Amino acid sequence: MKYKKSQVDISSKEMVVAQILLLIVLGCLIFLIKWSFKDTDSDMAYLELQVNGQRRAFEGRVGEEMTLLDALYLSSRAGNIDFKYTPQPRANASILQLSGIAQEKYEIYLNSIGIPIERLSTERIRANDNIIVKAIEINN
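All letters in the sequence shown, in the order written, are residues 12 to 151 by this note's numbering.
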């Protein structure tokens with residue numbers, strides 16, 4: 012019996028096209044792998060509540076046009092914290108009660124910069140912001 016060797020004849024044009032297609036597929040694969048491992052924390056903000064010597068920390072996604080008041084409200088809901096506030100004229104807000112304790116003074120920091128309580132409902136936050144809300148006890 013005689014066997015014939017099969018001979019594959021690939022032209023140089025076909026080889027170039029195959030190499031280009033392989034590069035495109037590899038490029039797409041690399042892009043998809045990098046995209047699937049992208050940093051998902053890039054749209055998160057951190058909020059820390061300090062009440063009666065206790066600290067509670069929250070992290071969450073920042074929405075469009077989100078304010079300090081929105082972040083505080085959403086964190087209080089997530090942490091089952093009693094939070095009451097009152098709107099003031101000119102879209103300002105004031106904290107009435109936080110964690111079941113009516114405090115007379117609060118300190119709010121956005122990225123280590125003090126923010127007046129009057130700007131609670133107007134100060135916008137962005138991704139990667141660091142928010143600290145401190146309830147200051149008033150000693151009489």
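Think of the CB as a built atom: it goes at the ideal place given N, C-alpha and C, for glycine as much as any other residue.
These figures come from a predicted structure and were not determined experimentally.
Annotation: the continuous beta strand (DSSP E) that includes G125 extends over 124 to 126. When C-alpha distances from L121 are compared across D140, R130, E76, the shortest belongs to D140.
No Cβ-Cβ contact shorter than 7 Å links L85 with S132. Taking R66 as the centre and dropping the five residues before and after it, the same chain places the C-beta of E59, L60 closer than 8 Å to its C-beta, in chain order. S87 counts as buried, since at least 16 other C-beta atoms from the protein chains shown sit within 10 angstroms of its C-beta. The three-state secondary structure of V28, taken from DSSP, is helix.
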